[in-house]
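K.L.:
This is the structure, below, for whatever I ask next.
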C-alpha cells in the first residue's frame, strides 16, 4: 500500500517552518539556531550524527546471502542494509518493513539533498523467471490493465484516508536485454487530485538469476528522468550474480520455476506478495525536498557529508 500522510519527522519540520519569520538561502547558521527549540535542535543533531557515522563503501561488495555482488565505482557509494533502513525510516520517515540488501547513492548526493536520488537493492527468490514471453508482450495493452489495477488500488487508498493515485503512463517503456538478462521500465505516477501536484517517478530494474531476481528501485522525481537514464547502465553494470546463482546455470531437473514471466514482473502482480513497493518513498521524499529548500543554508551545513 502507498502511504502519503506526514510522518513525525515532517511534522517536526513543519513546526520549525512555522516558527521562522523569514528564511533565506544566505541565512547564517547561528541565526537558524536561534529559531530552533532545544528539542528540535537535538533531533537534527541526532539525525546528523547517524549520517556521519555511516560507512559509505565503494569497490566489490558481497550482498547478504552470498547470491550476488556489487562492484561500486568511485562515482557512487553503497550503504549497508542497516544504514539503508535508517535512511528510509529515520531520515525519510517511512514505516519499518521491506528488507533491503542495501542502497546506492551517487557520490554527489546525500539523502538530505533536494535533488538527490538513490537505488534500493532487494532480492526475490521465487524461482527461475522464464524470459520466453519477453518479445511477445504488448506493453500498450499491459499499460491499460495496469491503469485499471491502479484505479482499483486508488479507490481503496481513498477509503483508507490516503491520497488518490493515478498511473499516468510509461516514463520509459519496458525493455528487456536478452544478453545480460536485465529488464527495466519506468512509470509516471500522480498523487492526489490537484492538477498542480508534482508527478513522481517509479523506475524499476530487474536482474534475473537462477533462483530469483535482484530488484533495483530508483527513488527519484520525474524531473530527474534524464539523469536516471544517463546513470542506468553504470548502475546495472555494478550487479553480478555469483557462481551457482547465474541465470544460465538454471537446471530444469533441480531448480524451481517461477509461476510468472517477464510480463508479470512489469505489471507488478507479484509485488503485493513481497511487500516491497517503494513508491511511497517517492512521495515522502517529495515533501522532504520542499522542506529542505525552505530551511536552506542551516540544513545544508547541519547535514553536510564529511569527505572520507
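Residue numbers (the working numbering): 27 to 334.
Beta carbons: idealized from backbone N, C-alpha and C, even for Gly.
Note that the structure is predicted; figures quoted are calculated from it, not measured.
Just to confirm the assignment: which complete beta strand (DSSP E) runs, minimum length 3, are found wholly within the stretch 68 to 149?
P.N.:
For the stretch 68 to 149, whole beta strand (DSSP E) runs of length 3 or above, ordered along the chain, are 85 to 88, 94 to 98, 102 to 105 and 129 to 132.
K.L.:
Counting along the chain, where does the alpha helix (DSSP H) carrying residue 260 start and finish?
P.N.:
Indexing the chain shown from 1 puts residue 260 at position 234. Run containing residue 260: 251 to 264, per the alpha helix (DSSP H) assignment.
K.L.:
I need the straight-line Cα distance from residue 117 to residue 73, nearest angstrom please.
P.N.:
Locating residue 117 in the chain shown gives position 91, counting from the first residue. Locating residue 73 in the chain shown gives position 47, counting from the first residue. Taking the straight line joining both Cα atoms gives about 7 Å.
K.L.:
With distance defined between alpha-carbon atoms, name the residue in 82, 115 and 110 nearest to residue 99.
P.N.:
For the purposes of this step, residue 99 is taken as the residue at position 73 of the chain shown. Measuring from the Cα of residue 99, the nearest candidate turns out to be 82.
K.L.:
Under 8 Å, do residue 261 and residue 242 count as touching if we go by C-beta distance?
P.N.:
In the chain shown, residue 261 corresponds to position 235, counting from 1. In the chain shown, residue 242 corresponds to position 216, counting from 1. Cβ distance < 8 Å, so residue 261 and residue 242 count as in contact.
K.L.:
In terms of residue numbering, what span does the alpha helix (DSSP H) encompassing residue 179 cover?
P.N.:
Taking the first residue of the chain shown as position 1, residue 179 is located at position 153. Counting along the chain, the alpha helix (DSSP H) containing residue 179 begins and ends at 165 to 185.
K.L.:
Compute the Euclidean distance between the alpha carbons of residue 148 and residue 65, then round it to the nearest angstrom.
P.N.:
Reading the chain shown from its first residue, position 122 is the one you call residue 148. Reading the chain shown from its first residue, position 39 is the one you call residue 65. Approximately 35 Å, taken between the alpha carbons.
K.L.:
Measure from the alpha carbon of residue 288 to the alpha carbon of each residue in 267, 207, 196 and 134, then state which is nearest.
P.N.:
Position 262 of the chain shown, counted from the start, is the residue given in the question as residue 288. The candidate whose alpha carbon is nearest that of residue 288 is 207.
K.L.:
Please determine, among 194, 211, 218 and 213, the residue with the shortest C-alpha to C-alpha distance to residue 187.
P.N.:
For the purposes of this step, residue 187 is taken as residue 161 along the chain shown, with counting starting at 1. Ranking the options by Cα distance to residue 187, first place goes to 218.
K.L.:
So residue 151 packs on residue 237, CB below 8 Å; how close in whole Å?
P.N.:
For the purposes of this step, residue 151 is taken as residue 125 along the chain shown, with counting starting at 1. For the purposes of this step, residue 237 is taken as residue 211 along the chain shown, with counting starting at 1. The pair is a contact, with the Cβ atoms about 5 Å apart (cut-off 8 Å).
K.L.:
Rounded to whole angstroms, what's the CA-CA distance from residue 239 to residue 273? Just pull it up for me.
P.N.:
Residue numbering aside, residue 239 sits at position 213 when the chain shown is read from its first letter. Residue numbering aside, residue 273 sits at position 247 when the chain shown is read from its first letter. So the two alpha carbons sit approximately 9 Å from each other.
K.L.:
Residue 111: buried (16+ other C-beta within 10 angstroms of its C-beta) or exposed?
P.N.:
Taking the chain shown and counting its residues from 1, the one referred to as residue 111 is at position 85. It is buried - the Cβ of residue 111 has at least 16 other Cβ atoms within 10 Å.
K.L.:
Taking just the CA atoms, how far does residue 170 sit from residue 76?
P.N.:
Here residue 76 refers to the residue found at position 50 of the chain shown. Here residue 170 refers to the residue found at position 144 of the chain shown. Approximately 44 Å, taken between the alpha carbons.
K.L.:
Quick check: the stretch 278 to 288 against the stretch 150 to 164, are at least 3 beta-carbon pairs closer than 8 Å?
P.N.:
Counting Cβ pairs under 8 Å, three or more are found: they touch.
K.L.:
Between residue 135 and the ligand MN, is the CB less than 7 Å from at least one heavy atom?
P.N.:
The ligand MN is not among the ligands present in this structure, which contains no ligands whatsoever.
K.L.:
Give me, in chain order, the residues of the same chain whose beta-carbon lies closer than 6 Å to that of residue 129; leave out the 5 immediate sequence neighbours on both sides.
P.N.:
By one-based count along the chain shown, residue 129 stands at place 103. Contacts found: 105, 110, 144 and 146.
K.L.:
Among 271, 277 and 258, which residue has its Cα nearest to the Cα of residue 131?
P.N.:
Indexing the chain shown from 1 puts residue 131 at position 105. For the residues 271, 277 and 258, the minimum Cα distance to residue 131 belongs to 258.
K.L.:
So, at 8 Å on beta carbons, what are the nonlocal neighbours of residue 157 in its own chain, with the 5 sequence-adjacent residues on each side left out?
P.N.:
Within the chain shown, the letter at position 131 stands for residue 157. Contacts found: 202, 204, 207, 234, 287 and 288.
K.L.:
Let me confirm a value: residue 181 is counted as buried when at least 16 other C-beta atoms fall within 10 Å, else exposed. Which label applies?
P.N.:
Indexing the chain shown from 1 puts residue 181 at position 155. Exposed: under 16 other Cβ atoms inside 10 Å.
K.L.:
For the candidate residues 141, 195 and 263, whose alpha-carbon lies nearest to that of residue 209?
P.N.:
Within the chain shown, residue 209 is the residue found at index 183, counting from 1. When each option's Cα is compared against that of residue 209, the closest is 263.
K.L.:
Is it buried or exposed, residue 28, if we count other Cβ atoms within 10 angstroms and call 16 or more buried?
P.N.:
Your numbering for residue 28 matches position 2 in the chain shown. In this predicted model, residue 28 has a pLDDT of only 34, less than 50, meaning its place in the structure is not dependable; the value taken from the coordinates is given anyway. Flag for residue 28 reads buried.
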